[in-house]
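Residue numbers (our numbering): 10 to 574.
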């Protein structure tokens with residue numbers, strides 16, 4: 010027989026403490042000059058981002074976000090372009106634009122043989138050679154790691170130690186056995202640039218002087234003498250200029266570029282890799298604007314399918330994609346009319362963005378600042394709250410709708426797109442704001458606003474952590490019905506209530522649960538389900554959200570106190 014004693018049991022969970030929240034933790038996906046595609050990078054500051062990822066839209070987009078940030082480079086499967094040059098002025102001088110690596114590339118043969126056997130290693134910018142890559146048979150093209158340059162190797166027999174050098178002017182030379190023409194290159198600009206070259210001193214090559222702006226004239230670099238040979242590489246851009254003939258002061262030469270892009274197969278591969286990682290995060294921003302509304306709709310379907318699959322695997326994430334404004338609003342609306350999502354937002358509208366990293370003012374999709382703003386505010390705060398403590402910054406102006414002279418988000422907002430707005434005038438307020446934080450949800454959905462999605466996801470994470478502790482656990486049952494005994498039901502409900510209250514009620518994200526007297530009551534287990542027969546226990550969790558002042562009607566009038574009854 011056991012001796013009488015006093016036993017001690019330590020109960021956990023009574024303080025309602027919650028594990029670290031994932032609110033505001035973002036993953037930004039996009040193109041950059043360095044980094045390995047489909048690989049996650051933790052970024053704590055801009056210097057870390059630049060060191061790991063180099064230059065490009067991904068790095069610039071990350072700079073708008075704070076707190077815990079992750080980045081995932083996408084595969085640059087489609088090369089960027091440089092547009093035609095427009096001259097303003099009377100000079101005979103011409104400027105031709107070509108594209109080359111932003112840093113010199115060395116391709117060294119490490120295993121001899123034909124394609125399928127030959128292996129090659131790459132050095133970028135004078136760095137060490139990387140791990141050799143075995144070529145594919147019959148045809149071999151590869152994006153050089155850490156660049157936006159694709160090298161194509163002809164079907165030849167290669168010799169060990171042969172080195173092809175691709176300079177920042179796009180010139181290819183060979184050291185060793187072989188032929189220069191066996192290797193060709195296609196490079197992309199490192200970003201989308203609006204280039205203006207202004208001739209400040211006229212004359213022939215070597216005498217003429219020019220300045221270069223990469224952001225449409227908003228910022229201009231120091232004067233540069235035209236090279237005697239006529240060829241000049243704009244540093245850290247991948248752009249090569251070839252000057253010819255005689256130039257006249259005051260003339261300008263302008264052109265624009267696009268950077269490399271990914272396709273939906275690339276994006277789907279990246280999303281699959283991301284969802285397989287053991288990190289936790291709240292949102293995804295694909296910082297790559299498709300070419301059209303139709304292409305954006307295809308990207309939307311790709312992202313939403315990944316988020317739905319993630320939800321099935323108990324990973325609760327929302328996404329933000331970009332839609333361009335190169336078409337009329339009606340065309341944009343038509344592309345998304347038949348689409349809906351409970352997790353994906355579509356941002357439409359372009360901004361003149363003051364870029365934190367380099368001070369340039371570039372045209373970017375509004376998702377860059379909108380996604381950063383949503384990540385910075387509490388989960389229960391409306392994305393368009395004018396008096397938010399996390400104001401949107403870095404917006405010089407809003408670009409007009411296609412075919413218009415000004416920006417009007419009315420139609421797009423009414424069709425579930427996330428847009429930006431301003432309140433100008435003496436009775437307005439300075440700043441730029443999200444009109445409505447819409448998810449592309451179907452009419453009548455509870456998840457039309459992003460704060461409802463975020464709050465529900467926070468609650469789901471908290472409740473699931475608690476419920477897993479009870480999985481396969483034993484409880485007492487009612488001796489008449491076989492349903493769970495109310496005493497044990499109350500214990501489980503209280504544990505869930507404590508976790509949810511700590512996650513969303515205590516910080517003020519919601520009004521309460523289902524009980525008007527006890528706002529901290531969220532969970533209700535069935536008292537009628539025959540647990541003995543089913544081994545299954547239904548649970549409902551009810552949340553009363555905050556109300557939001559979307560429309561305010563102010564009535565003004567005069568009052569005569571002598572006429573007041």
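Ideal Cβ positions, reconstructed from N, Cα and C, are used throughout, including at glycine.
7 Å Cβ cutoff met for residue i and residue j
{"i": "residue 232", "j": "residue 255", "result": "no"}
{"i": "residue 192", "j": "residue 162", "result": "yes"}
{"i": "residue 44", "j": "residue 85", "result": "no"}
{"i": "residue 158", "j": "residue 236", "result": "no"}
{"i": "residue 401", "j": "residue 392", "result": "no"}
{"i": "residue 179", "j": "residue 205", "result": "no"}
{"i": "residue 415", "j": "residue 362", "result": "no"}
{"i": "residue 65", "j": "residue 199", "result": "yes"}
{"i": "residue 340", "j": "residue 302", "result": "yes"}
{"i": "residue 273", "j": "residue 307", "result": "yes"}
{"i": "residue 518", "j": "residue 389", "result": "yes"}
{"i": "residue 360", "j": "residue 407", "result": "yes"}
{"i": "residue 186", "j": "residue 168", "result": "yes"}
{"i": "residue 90", "j": "residue 270", "result": "no"}
{"i": "residue 153", "j": "residue 114", "result": "yes"}
{"i": "residue 331", "j": "residue 356", "result": "yes"}
{"i": "residue 229", "j": "residue 277", "result": "no"}
{"i": "residue 505", "j": "residue 532", "result": "yes"}
{"i": "residue 467", "j": "residue 512", "result": "yes"}
{"i": "residue 201", "j": "residue 224", "result": "no"}
{"i": "residue 342", "j": "residue 376", "result": "no"}
{"i": "residue 219", "j": "residue 94", "result": "no"}
{"i": "residue 196", "j": "residue 108", "result": "yes"}
{"i": "residue 33", "j": "residue 296", "result": "no"}
Endpoints, beta strand (DSSP E) assigned at residue i
{"i": "residue 79", "result": "78–82"}
{"i": "residue 162", "result": "158–162"}
{"i": "residue 290", "result": "Run containing residue 290: none; DSSP gives neither H nor E here."}
{"i": "residue 224", "result": "Residue 224 -> no beta strand (DSSP E), and no H or E assigned at all."}
{"i": "residue 430", "result": "429–432"}
{"i": "residue 250", "result": "248–253"}
{"i": "residue 184", "result": "181–184"}
{"i": "residue 332", "result": "327–332"}
{"i": "residue 449", "result": "Looking at the DSSP string, residue 449 is not in any beta strand (DSSP E), and its letter there is neither H nor E."}
{"i": "residue 103", "result": "103–108"}
Start-to-end residues for the alpha helix (DSSP H) that takes in residue i
{"i": "residue 71", "result": "66–71"}
{"i": "residue 308", "result": "302–321"}
{"i": "residue 500", "result": "495–509"}
{"i": "residue 55", "result": "55–62"}
{"i": "residue 340", "result": "338–345"}
{"i": "residue 475", "result": "459–479"}
{"i": "residue 383", "result": "376–385"}
{"i": "residue 273", "result": "273–284"}
{"i": "residue 420", "result": "419–423"}
{"i": "residue 542", "result": "540–543"}
Residue burial classification, residue i (beta-carbon count within 10 angstroms, cutoff 16)
{"i": "residue 544", "result": "exposed"}
{"i": "residue 316", "result": "buried"}
{"i": "residue 246", "result": "buried"}
{"i": "residue 463", "result": "buried"}
{"i": "residue 410", "result": "buried"}
{"i": "residue 374", "result": "buried"}
{"i": "residue 489", "result": "exposed"}
{"i": "residue 527", "result": "exposed"}
{"i": "residue 292", "result": "buried"}
{"i": "residue 495", "result": "exposed"}
{"i": "residue 500", "result": "exposed"}
{"i": "residue 15", "result": "exposed"}
{"i": "residue 259", "result": "exposed"}
{"i": "residue 561", "result": "exposed"}
Nonlocal neighbours in the same chain, by C-beta distance under 8 Å from residue i, ignoring five residues either side
{"i": "residue 443", "result": "379, 382, 383, 392, 393, 401, 427, 428, 429, 430"}
{"i": "residue 6", "result": "Any question about residue 6 goes unanswered here, given that the chain covers just 10 to 574."}
{"i": "residue 334", "result": "341, 357, 358, 359, 408, 410, 411"}
{"i": "residue 177", "result": "109, 110, 111, 112, 113, 242, 249"}
7 Å Cβ shell around residue i - same chain, five flanking residues per side excluded
{"i": "residue 166", "result": "122, 123"}
{"i": "residue 80", "result": "37, 50, 52, 58, 62, 67, 71"}
{"i": "residue 323", "result": "473"}
Cut-off 6 Å between Cβ atoms - residues of its own chain near residue i, not counting five sequence neighbours on either side
{"i": "residue 508", "result": "471, 475"}
{"i": "residue 432", "result": "438"}
{"i": "residue 112", "result": "133, 134"}
{"i": "residue 485", "result": "494, 497"}
{"i": "residue 149", "result": "124, 162"}
(Q) For the pair the stretch 64–83 and the stretch 368–386, tell me if three or more CB-CB distances fall below 8 Å. (A) yes
Q: Count the CB pairs spanning the stretch 120–128 and the stretch 136–150 that are closer than 8 Å, and state whether there are at least three.
A: yes
Q. Between the stretch 479–491 and the stretch 433–447, are three or more C-beta pairs nearer than 8 Å?
A. no
Q) Are at least three pairs of beta-carbons, each pair with one atom in the stretch 444–453 and one in the stretch 366–376, less than 8 Å apart? A) no
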